[in-house]
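> First, the structure itself, so that you have it in front of you.
Number of protein chains: 2
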Amino acid sequence: MIIDSHAHVVMPPQSFRYMAELVGGRANPSTNPNIPDEAVRKQAEELVRSMDAVGTDIQFISPRPYLQMHSVKPARVTELWTRHCNDLIKRFVDMFPDRFRGVAGLPQHMHESPAEKCVAELKRCVNELGFVGTLLNPDPTEGDGPAPAGLGDPFWYPLYEAMTELDVPALIHSAGSCNPRESYTLKFINEENIAVISLLESTVFEKFPNLKIVVAHGGGAIPYQMGRFRSWSVRRNSPVTFDEQLKKLYFDTCNYSKDSIELLLKVAGTDNVLFGTEKPGTGSARDPISGRDYDDMKPVIDSIEWLTDEQRKNIFECNCTRVYTRAFRNYKGA
Amino acid sequence: MIIDSHAHVVMPPQSFRYMAELVGGRANPSTNPNIPDEAVRKQAEELVRSMDAVGTDIQFISPRPYLQMHSVKPARVTELWTRHCNDLIKRFVDMFPDRFRGVAGLPQHMHESPAEKCVAELKRCVNELGFVGTLLNPDPTEGDGPAPAGLGDPFWYPLYEAMTELDVPALIHSAGSCNPRESYTLKFINEENIAVISLLESTVFEKFPNLKIVVAHGGGAIPYQMGRFRSWSVRRNSPVTFDEQLKKLYFDTCNYSKDSIELLLKVAGTDNVLFGTEKPGTGSARDPISGRDYDDMKPVIDSIEWLTDEQRKNIFECNCTRVYTRAFRNYKGA
């Protein structure tokens with residue numbers, strides 16, 4: 017089975033209209049998002065077709081990260097929008113229960129603690145909508161800082177408590193960027209670096225030994241910059257190597273380059289990497305060299321000669337089912 | 017010849033005392049940095065010994081980046097400190113003219129344009145002290161933002177004009193970090209990502225075709241995250257591929273991991289990578305696997321089997337002499 021652990025919902029035109037009115041009207045929209053089934057089905061069917069075209073059995077879909085609007089004021093905009101996106105995802109899953117699973121967006125906002133609104137929405141998504149994981153944005157100011165403390169800080173504990181209680185992982189993925197020098201794509205990568213180091217330098221995994229964190233896009237720069245952190249770890253007489261520490265985290269393959277995926281697999285290990293493509297998304301363009309879209313990642317994994325069949329199966333399926341334990345409780349097969 | 021293009025001056029205790037008084041006294045120090053020759057020679061000799069231990073013929077030394085204090089107020093602190101560091105470097109070069117070359121620090125400060133003080137100090141360093149290049153920090157606020165516009169912005173043109181007029185390259189290297197969630201090491205990497213994309217998305221190299229930019233630490237995350245930018249380039253119908261664009265820039269090997277250096281060489285090409293170790297520095301710790309220090313990078317380059325002798329010579333020497341054209345005008349050999 018090919019599970020794409022990192023994908024996003026595709027929105028019908030009505031969602032964009034709602035979004036526009038929400039933002040323009042500052043959470044005072046003139047219409048409710050009453051989107052007919054056929055409009056949702058059209059998008060869901062198109063997404064299923066794009067999965068079929070590359071051999072993906074099931075996608076875990078979350079809100080489109082760069083459109084999460086975590087720093088738009090007032091916070092009510094974000095709250096309403098997050099709820100709308102999560103409800104839309106639920107409709108996709110209901111329409112194609114063997115092809116989709118829901119991953120929640122959270123109504124994170126600027127410096128608000130995730131204790132209340134985020135935990136409540138996560139519980140709603142998991143307990144009522146059947147979602148299997150959540151996005152987590154380390155900088156809900158979206159670069160309109162100062163950002164909250166790193167993910168190793170107790171600021172985030174209420175969310176970790178809820179996640180471990182519900183037994184759902186978080187996919188670390190920042191949202192938009194208000195800073196013209198740092199595009200959202202750069203922000204994704206840079207926040208992943210900050211997230212990895214903050215978590216590994218903290219006591220979070222001692223306090224929450226069952227916490228499961230997946231770092232998107234192959235972990236930003238960290239697998240490539242291992243040398244700095246290995247050395248740093250030795251210089252501080254750390255009882256465990258940086259390579260061992262890294263094993264506390266999971267990573268996905270949304271990286272679109274074979275050489276990089278090989279580096280990631282060597283560094284993070286084949287048990288800690290989850291197949292993910294974010295298709296359709298950033299990688300949806302034809303690579304003139306391979307003749308395939310950049311985000312058609314299955315052939316890339318297949319072409320890594322030194323992987324055993326078992327390791328490939330782990331990357332495509334078993335690592336994901338191990339992390340997203342709720343995903344296949346009632347699964348009937350694609 | 018083995019040229020270490022990325023290294024930093026090692027400071028005598030008197031420099032630290034001066035630094036402490038400068039900062040504590042807010043640019044009103046009670047003493048001038050009158051450092052005796054023997055104190056400077058002791059540090060310089062130690063640095064030469066550490067070079068000899070790993071077979072480095074010559075190091076290009078600049079101020080220690082994380083101690084540049086670009087955001088300490090008032091700006092006069094930075095000015096005095098930068099001048100002190102550059103003068104100290106000049107003494108190292110004078111003591112061992114065949115083992116060192118000077119790379120300038122600039123008195124960058126918060127949002128001040130580099131037009132005046134930076135250009136003046138660069139000209140002094142090149143014309144009077146015989147320096148061969150300069151550091152360039154993309155965020156002189158040191159995370160105490162908002163940062164100036166990216167390096168593709170006309171804000172930086174006065175410096176590029178001076179650099180091309182003097183025919184010296186800049187090594188992109190940020191300084192400290194005021195942000196507790198982003199250590200200076202993370203800031204280095206993240207600013208490199210921002211710098212690369214800002215430069216490549218701009219018209220800087222059309223306006224300054226002779227501008228030479230070296231990106232430190234193997235280019236942050238960019239070589240590892242090529243897939244995202246390749247795809248982005250195709251989606252925008254860019255007339256040149258992202259891989260071709262990247263060839264406008266140079267990178268150094270201060271990365272401390274063989275797998276990553278191989279990835280860098282594949283992506284940036286063996287003509288665009290300069291040997292650099294930053295030794296002694298972040299990588300100065302014993303790797304329990306190799307039994308050598310992480311920053312002992314010559315054996316790492318030597319061990320990359322697919323490199324030809326000519327490519328190795330380019331990495332160790334020729335790429336550097338091509339970029340740092342002023343470095344060997346009066347060189348007599350190590």
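Going down the list, the protein sequences come from chains P and B.
Take any residue in the first sequence, count from 1 to its spot, add 16: that is its number in the working numbering.
Take any residue in the second sequence, count from 1 to its spot, add 16: that is its number in the working numbering.
A virtual CB, placed ideally from N, CA and C, is assigned to each residue, including glycine.
Being a predicted model, the structure only gives us computed values, none of them experimental.
Would you call the stretch 208-216 of chain P and the stretch 239-254 of chain B touching, i.e. three or more CB-CB distances under 8 angstroms?
Contact fails: fewer than three Cβ-Cβ distances are below 8 angstroms.
> Chain P beta carbons: is any one of them nearer than 8 angstroms to that of Gly285 of chain B?
Start at 1 with the first residue of the second sequence, and residue 285 of chain B comes out as number 269. Not closer than 8 angstroms to any Cβ of chain P, the Cβ of Gly285 of chain B fails to qualify, so no.
> Closer than 8 angstroms by C-beta to Ala301 of chain P: which residues in its own chain qualify, once you throw out the five before and the five after it? Chain order, please.
To locate residue 301 of chain P, count along the first sequence from 1; it is residue 285. Around Ala301 of chain P: Asp309, Tyr310.
> Thinking just about the alpha-carbon of each residue, which of B:Glu95, B:Asp103, B:Gly71 is nearest to the one in Val26 of chain B?
Counted from its first residue, the second sequence places residue 26 of chain B at position 10. Ranking the options by Cα distance to Val26 of chain B, first place goes to B:Asp103.
> Rounded to a whole number of angstroms, what is the C-alpha to C-alpha distance between Asp114 of chain B and Phe108 of chain B?
Residue mapping note: residue 114 of chain B aligns to position 98 of the second sequence, counting from 1. Residue mapping note: residue 108 of chain B aligns to position 92 of the second sequence, counting from 1. Distance between the alpha carbons of Asp114 of chain B and Phe108 of chain B: 10 angstroms.
> Under 7 angstroms, CB to CB, which of the residues in the stretch 308-319 of chain B have a partner in chain P?
Listed by position along the chain: Tyr310.
> Give the DSSP-derived three-state secondary structure of Gly118 of chain B in the structure shown.
The residue given as residue 118 of chain B occupies position 102 in the second sequence. Three-state result, Gly118 of chain B: strand.
> If you scan the stretch 181-236 of chain B from start to end, which runs of the beta strand (DSSP E) of 3 or more residues do you find wholly inside it?
Within the stretch 181-236 of chain B, the complete beta strand (DSSP E) runs of at least 3 residues are 186-188, 229-231.
> Hey, is Glu198 of chain B's beta-carbon within less than 8 angstroms of any beta-carbon in chain P?
Within the second sequence, the letter at position 182 stands for residue 198 of chain B. Yes, contact with chain P.
> Looking at chain P, is there any beta carbon in it that lies within less than 8 angstroms of the beta carbon of Trp322 of chain B?
As a first step, residue 322 of chain B must be located in the second sequence, where it is residue number 306. Chain P contact via Cβ: absent.
> Which residues in the same chain as Glu198 of chain B place their Cβ atom closer than 8 angstroms to its Cβ, once the five residues preceding and following it in sequence are excluded?
For the purposes of this step, residue 198 of chain B is identified with residue 182 of the second sequence, where counting begins at 1. Closer than 8 angstroms at Cβ, skipping near neighbours: Gly159, Asn206.
> Please decide whether Asn153 of chain P counts as near chain B, where near means a Cβ-Cβ distance under 8 angstroms.
Start at 1 with the first residue of the first sequence, and residue 153 of chain P comes out as number 137. Asn153 of chain P does not count as touching chain B.
> Which runs of the beta strand (DSSP E), 3 residues or longer, sit entirely within the stretch 57-109 of chain P?
Listed in chain order, they are 74-78.
> What do you reckon, are the CB atoms on Phe258 of chain B and Asn288 of chain B nearer than 8 angstroms?
For this step, residue 258 of chain B is matched to residue 242 along the second sequence. For this step, residue 288 of chain B is matched to residue 272 along the second sequence. In this structure, Asn288 of chain B does not lie closer than 8 angstroms to Phe258 of chain B by Cβ.
> Name, going along the chain, the residues of the stretch 259-293 of chain B whose beta-carbon falls closer than 7 angstroms to a beta-carbon of chain P.
Hits within the stretch, in order: Asn271, Tyr272, Ser273, Asp275, Ser276, Leu279, Lys282.
> Just mark Arg65 of chain B as buried or exposed, buried being the case when its beta carbon has 16 or more other beta carbons within 10 Å.
By 1-based counting over the second sequence, the position of residue 65 of chain B is 49. Classification for Arg65 of chain B: exposed.
> State the DSSP-derived secondary structure class of Gly292 of chain P, mapped to helix, strand or coil.
Position 276 of the first sequence, counted from the start, is the residue given in the question as residue 292 of chain P. Here Gly292 of chain P sits in coil by DSSP.
> From what residue to what residue does the beta strand (DSSP E) around Ile19 of chain P run?
On the first sequence, residue 19 of chain P is found 3 positions in, with the first residue counted as 1. It spans 19-24 - the beta strand (DSSP E) in which Ile19 of chain P sits, taken as one unbroken run.
> Strictly under 8 angstroms for the Cβ-Cβ distance: is Ser129 of chain B near chain P by that measure?
As a first step, residue 129 of chain B is located in the second sequence; it is residue number 113 there, counting from the start. With 8 angstroms as the cut-off, Ser129 of chain B does not count as an interface residue toward chain P.
> Candidates P:Gly192, P:Thr286, P:Lys282, P:Pro185: which alpha carbon is nearest Val339 of chain P's?
Indexing the first sequence from 1 puts residue 339 of chain P at position 323. The shortest C-alpha separation from Val339 of chain P is found at P:Pro185.
> Give me the Cα-Cα distance between Leu175 of chain P and Val283 of chain P, rounded to the nearest whole angstrom.
For the purposes of this step, residue 175 of chain P is identified with residue 159 of the first sequence, where counting begins at 1. For the purposes of this step, residue 283 of chain P is identified with residue 267 of the first sequence, where counting begins at 1. So the alpha carbons of these two residues sit roughly 28 angstroms apart.
> Contact criterion: CB-CB distance below 8 angstroms. Does Thr298 of chain P meet it with respect to chain B?
Taking the first residue of the first sequence as 1, we reach residue 298 of chain P at position 282. Closer than 8 angstroms to some Cβ of chain B, the Cβ of Thr298 of chain P qualifies, so yes.
> Can you tell me whether DSSP reads Phe267 of chain B as helix, strand or coil?
As a working mapping, residue 267 of chain B is identified with position 251 in the second sequence. Phe267 of chain B falls in the strand class under three-state DSSP.
> Report yes or no: do three or more beta-carbon pairs, one from the stretch 247-261 of chain B and one from the stretch 217-229 of chain P, lie closer than 8 angstroms?
As far as the Cβ criterion goes, the stretch 247-261 of chain B does not touch the stretch 217-229 of chain P, which means the pair count is below three.
> Please list the terminal residues of the continuous beta strand (DSSP E) segment that includes Gly149 of chain P.
In the first sequence, counting from the first residue as 1, residue 149 of chain P sits at position 133. Run containing Gly149 of chain P: 149-152, per the beta strand (DSSP E) assignment.
> I want to see whether chain P comes within less than 8 angstroms of Gln241 of chain B, judged by CB atoms only; does it?
On the second sequence, position 225 is the one that residue 241 of chain B refers to. It does; some Cβ of chain P falls within 8 angstroms.
> Between Val88 of chain P and Ala191 of chain P, what straight-line distance do the alpha-carbon atoms span, to the nearest angstrom?
As a working mapping, residue 88 of chain P is identified with position 72 in the first sequence. As a working mapping, residue 191 of chain P is identified with position 175 in the first sequence. Distance between the alpha carbons of Val88 of chain P and Ala191 of chain P: 11 angstroms.
> Would you say the stretch 274-283 of chain B touches the stretch 321-331 of chain P, given that touching needs at least three Cβ pairs under 8 angstroms?
Contact between the stretch 274-283 of chain B and the stretch 321-331 of chain P is absent, because fewer than three Cβ pairs lie under 8 angstroms.
> For my contact list, Val135 of chain B and Ala178 of chain B are in at a C-beta cut-off of 8 angstroms; report their separation, rounded to the angstrom.
Numbered from its first residue, the second sequence carries residue 135 of chain B at position 119. Numbered from its first residue, the second sequence carries residue 178 of chain B at position 162. Val135 of chain B to Ala178 of chain B, Cβ: 5 angstroms. Contact.
> Which first and last residues belong to the alpha helix (DSSP H) in which Glu397 of chain P is found?
A query on residue 397 of chain P cannot be resolved here, the shown segment of chain P reaching from 17 to 350 and no further.
> At the 8 angstroms Cβ level, is Leu216 of chain B part of the contact set with chain P, yes or no?
Working through the second sequence from its first residue, we reach residue 216 of chain B at position 200. No, Leu216 of chain B does not count as interfacial toward chain P.
> Is there a C-beta anywhere in chain P that falls below 8 angstroms from the one on Gly161 of chain B?
The residue given as residue 161 of chain B occupies position 145 in the second sequence. Judged by the 8 angstroms Cβ criterion, Gly161 of chain B is in contact with chain P.
> Where does Arg246 of chain B sit, in a helix, a strand or coil, going by DSSP?
Counting from 1 along the second sequence, the entry for residue 246 of chain B is found at position 230. Note: Arg246 of chain B maps to helix in three-state DSSP.
> Quick one: does Asn48 of chain P have its CB under 8 angstroms from some CB of chain B?
Position 32 of the first sequence, counted from the start, is the residue given in the question as residue 48 of chain P. It does not; no Cβ of chain B falls within 8 angstroms.
> Does the beta carbon of Thr201 of chain P sit closer than 8 angstroms to a beta carbon anywhere in chain B?
Looking up residue 201 of chain P in the first sequence gives position 185. Output row for Thr201 of chain P: interface = yes.
> Starting from the Cα of Gln30 of chain B, find the closest Cα among B:Thr47, B:Arg252, B:Lys203, B:Met17 and give me that residue.
As a position in the second sequence, residue 30 of chain B is number 14, starting the count at 1. Per the Cα distances, B:Thr47.
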